[in-house]
Each structure stands twice: as C-alpha cells, then as structure tokens.
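Heads up, the thing below is written out as structure tokens.
Number of protein chains: 2
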Amino acid sequence: MNKTIDFYFDFSSPYSYFAANKIDAIADANGRSVNWKPILLGPVFKATGGASPISFPQKGPYSVHDCARMARFMDLSWKMPDPFPIFSVAAARAFYWVNDKDPDQARLLAKSLFHRLFGEGQDITSEEAVGDVASALHVDRDELRAGMADPEIKQRLKDETAQAIERGVFGAPYFFVDGEGFWGSDRMWMVKKWLQRGGW
Amino acid sequence: MNKTIDFYFDFSSPYSYFAANKIDAIADANGRSVNWKPILLGPVFKATGGASPISFPQKGPYSVHDCARMARFMDLSWKMPDPFPIFSVAAARAFYWVNDKDPDQARLLAKSLFHRLFGEGQDITSEEAVGDVASALHVDRDELRAGMADPEIKQRLKDETAQAIERGVFGAPYFFVDGEGFWGSDRMWMVKKWLQRGGW
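Order-wise, the sequence lines are chains A and B.
For what it's worth, this note's numbering labels the leading residue of the first sequence as 2, then goes sequentially.
For what it's worth, this note's numbering labels the leading residue of the second sequence as 2, then goes sequentially.
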C-alpha cells in the first residue's frame, strides 16, 4: 500500500493554510511522508455542488471569525486578505513547477505563499507576486515565469484537480491516508489517530 | 456574564449526537453548566441558505462514513438510520415539555432519543416512538402526549429555533460560550480551550 499521505489543498483556502502548517509534523511523527497537491476549488465546487463558506450570509462572517480564532489557538499569524477568495492558479502552477525539481523547496514555497496570503493579508494572485515570494527562496524568477506558462504545468493542475474530483474530493483541505479520505483541517486529529492505530 | 453554555442541536443531526455525548463533561470540568436547546434545522437552513451534508452527492456518502468513523473513535454505538434525515419535531417538543419539569431528566431523554436514533438506527419520528423512549425513563406517557400537543410547547420550539437563527446559528451542533459562537462537534476542542483560558 502507498504509505504517502496525499494532501489536497487550494491556496485560496484558509483552512488549507492551517493544515499546511501541521500535516508534515503529523506525518513525520508517524513515519509517513506527505504528497502536497494544490488544486482549484472552483471546478471542485462546480462538480460537487459545493460552495465556499464565505458565500453564505451567516456562515461567511462566522468562518472569517473562526479563522482568526483558529490562527490564535495555533499560534499562527493571521490577516484576512481582501479581496477574498483569490485566484490561486499562478500559485498552484508555480508549486508544481518547483515541485518537479525540488519537493522540499516547493513545500517551502507553498508555506511562504500561504503566509503571505493569510499571515500578512497580501495578494498572491499575480505571477509578479508569486515571483516575489519564490525569489526570496532563490527560485530564478525568469525560469519560474517560463515554467508557469509551460502547457505541461498548466495541464498538470487541471489533471490533479480532475483526479481529486474523481477520488471524491469536494472541499479542501482533503487528505487520503491508506486510501481513506478525510476532509477538513478539523479532521487532522483523526488522521493522527488513524496513523497511530493503523486504521480505525 | 451568563456562565451557561447554550447548546443548540437537532435530534436529526448525527454530529449533534456526538456533541450531546461530550459537551456536559467539558462544561463540568470547567465549572460550567449546559443549557440544551433542540431546534429544527429545516427553518435554519431555509433562513441561512444551508443544507444537510447528506443532500450532496459526494459530501453525503462521505458524511455517513465520517459518522461511523467518528462513533468508532468516540466509542459510541452507531447505526445509520434509514430513512434519513428524520422529522424531529416530536422529539424536540417532548424534550421541552420534560425540561420544564426536570432538566436532568430531559437531558437523559435527549441522550436516549439520540441513542435510539443513531446508536440503534431506530425511528424516533412518531409520538409513539418518543413515548416509548420516555416511558423507559418513567415519564408518564399520557401526560407527555398532552404536553407535546400543548400550544405553548409547540410555540417554544418555534421560538427557540427563531432565536437561534437571530443569534447567527446556521447549522448544528452550535454552542454559545460567553457570547462566543462555535459551530460543529469538531469545535468542541476549541470550546474546551476557550473555557480553560477564559477566552482566546
């Protein structure tokens, strides 16, 4: 069986930000590694009838408040970006391009992008902004720009999103552990128990 | 400030079942008491644009599976009722009627009703079924039947549901602690931390 944990997330998902700051530690403590897979929630919601919590009049403000509270309890910096949700295509493409060369660096890039968006409330929508974050990690800006425009990278993001939908993903973050799906940053305690017990 | 925790739930909500089996212990350990308030999610969803997870093609089966898993991790018995969701008006009215006389007994009744529905997969829709569960707790069946038909009790359920909506409730379980709202059985760890820290 594949011992890797698949971690599906969207850079525009605040609960993915929380998960991104915790899932590796949970995996490491249990002898597992994590396969990070950015996807686009837009097509996922379209395929599954879902919607961002932010789009509901009561659940929206609650979620914003819940995120601030969650960040406080997790000791993470937090600033709600405005506008929100954001267009996360550039960030996701950059991730896959870097990931092909160096998964560790791609993970650092993902955490930096998440931090810039939800820790500092700064935009990561444009290729410029993504380039800024990547440059700070010594990724070559011109190569990255070419990589983000590569048809293969563009297709990769589509394929990963399509595959996620096929596997039953309807929101983010979403984890697969030993073939078992877990939805939400608030199921990470269960992922941990699953790993510790080796199942149910 | 009101030191009581308001616990809004619907007897037809499996995550409310999980919360009902845990919230009193969390409150007790922190010197608080819990005010149990059954409501009807139908009007709540109508007012807030929400829907039961079960109504979505992917989230529905996931939720059913997640409930079975949650019950296993919480050491609670579990059997998914069919049909589901169920009509929880009789159960909620019975609760309020018993609660006016004896809140402890009402809580026992609530737990017994939840157990019958989600622990045994048996119906609690009819007044008959609710009467069966109540009788086992030595509630007089005839008095209960009259109580459930009392216009004041009927109105109480409507009022509590309307008040919940006014307070921002958009799903169940939903908790208010020191005026702070928490949605979902997966926020009980946060309720606990809130109580321990006296806030954020």
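We put the beta carbon where it would ideally sit given N, CA and C, even for glycine.
Computed from a predicted structure; not experimentally measured.
Mind checking Trp-201(B): buried by the 16 CB within 10 Å criterion, or exposed? exposed
Rounded to a whole number of angstroms, what is the C-alpha to C-alpha distance between Ile-125(B) and Val-131(B)? 6 Å
Beta-carbon separation of Tyr-97(B) and Ile-154(B) under 7 Å? yes
Beta-carbon within less than 6 Å of Ala-48(A)'s beta-carbon, same chain only, minus the 5 sequence neighbours each way: which residues are those? Ile-166
Alpha carbon of Ser-186(A) to alpha carbon of Gly-148(B), nearest angstrom: 43 Å
Compare the C-beta of Arg-210(B) against all C-beta atoms of chain A and say whether one is closer than 7 Å. Examination of residue 210(B) is not possible in this model, given that chain B is present from 2 through 201 alone.
First and last residue of the uninterrupted alpha helix (DSSP H) at Pro-104(A): 104-115
Would you list, in sequence order, the uninterrupted alpha helix (DSSP H) runs of no fewer than 4 residues that lie entirely inside the region 113-150 of chain A? 128-136, 142-150
Let me check understanding here. Comparing Cα to Cα, which of Pro-58(B), Val-192(B), Ala-135(B), His-116(B) lies closest to Pro-82(B)? His-116(B)
Taking Cβ positions, are Leu-118(B) and Leu-138(B) nearer each other than 7 Å? no
Rounded separation between Arg-108(B) and Lys-102(B) - CA only: 12 Å
Is Tyr-175(A) closer than 7 Å to Tyr-9(A) when the C-beta atoms are compared? yes
When you compare only the Cα positions, how much space is there between Asn-31(A) and Met-191(A)? 13 Å
Measure the C-alpha to C-alpha separation of Ser-14(B) and Gln-164(A) and round it to an integer number of angstroms. 31 Å
Minimum length 4: unbroken alpha helix (DSSP H) runs contained in the region 38-103 of chain A: 42-49, 60-75, 90-102
Out of Lys-38(B), Arg-33(B), Trp-37(B), Val-99(B), which has the shortest C-alpha to C-alpha gap to Val-140(B)? Val-99(B)
Report the rounded CA-to-CA distance for Lys-23(B) versus Ser-136(A), giving the unit in angstroms. 49 Å
Residue ranges of each alpha helix (DSSP H) run of no fewer than 4 residues wholly in the region 145-189 of chain A, ordered along the chain? 152-167
Among Ser-56(B), Lys-60(B), Met-75(B), the one whose alpha carbon lies nearest that of Phe-85(B): Ser-56(B)
Between Gly-61(B), Lys-60(B), Phe-19(B), Asp-133(B), which has its C-alpha nearest Ser-78(B)'s C-alpha? Phe-19(B)
Mark Met-71(B) as exposed unless 16 or more other C-beta atoms lie within 10 angstroms of its C-beta, in which case mark it buried. buried
Could you tell me which chain A residues have their CB closer than 8 Å to the CB of Pro-58(B), listed as they occur along the chain? Thr-49, Gly-50
Answer yes or no: does any C-beta atom of chain A fall closer than 7 Å to that of Lys-102(B)? no
Would you list the one or two residues that DSSP bridges to Phe-8(A)? Trp-37(A), Phe-176(A)
Cutting at 7 Å between CB atoms, please list the residues of its own chain near Pro-54(A), excluding the five before and the five after it. Lys-60, Gly-61, Ser-64
Here's a check: name, in chain order, each residue in its chain whose Cβ is nearer than 7 Å to the Cβ of Ala-28(A), leaving out the five neighbours to either side. Ile-6, Ser-34, Val-35
Chain A within 7 Å of Lys-38(B), Cβ atoms only: no
Does the beta-carbon of Lys-38(B) have 16 or more other beta-carbons within 10 angstroms, so that it is buried, or is it exposed? buried
I need the DSSP call for Lys-194(A), collapsed to helix, strand or coil. helix
Drop a sphere of 10 angstroms on the beta-carbon of Asp-160(B), count the other beta-carbons inside from all chains shown, and report buried for 16 or more, exposed for fewer. exposed
In chain A, which residues lie less than 7 Å from Gly-1(B) when you measure between Cβ atoms? As shown, chain B starts at 2 and ends at 201. That puts residue 1(B) outside it, with no answer to give.
Is Asp-187(B) close to chain A? Criterion is C-beta to C-beta, closer than 7 Å. yes
Near Trp-184(B), which residues of its chain fall below 6 Å by C-beta distance, leaving aside the five closest residues on each side in sequence? Gly-172, Tyr-175
DSSP three-state call for Ser-13(A): helix, strand or coil? coil
Could you tell me which chain A residues have their CB closer than 8 Å to the CB of Phe-171(B), listed as they occur along the chain? Phe-57, Gln-59, Lys-60, Tyr-63
Could you give the DSSP three-state label for Ala-30(A): helix, strand or coil? coil
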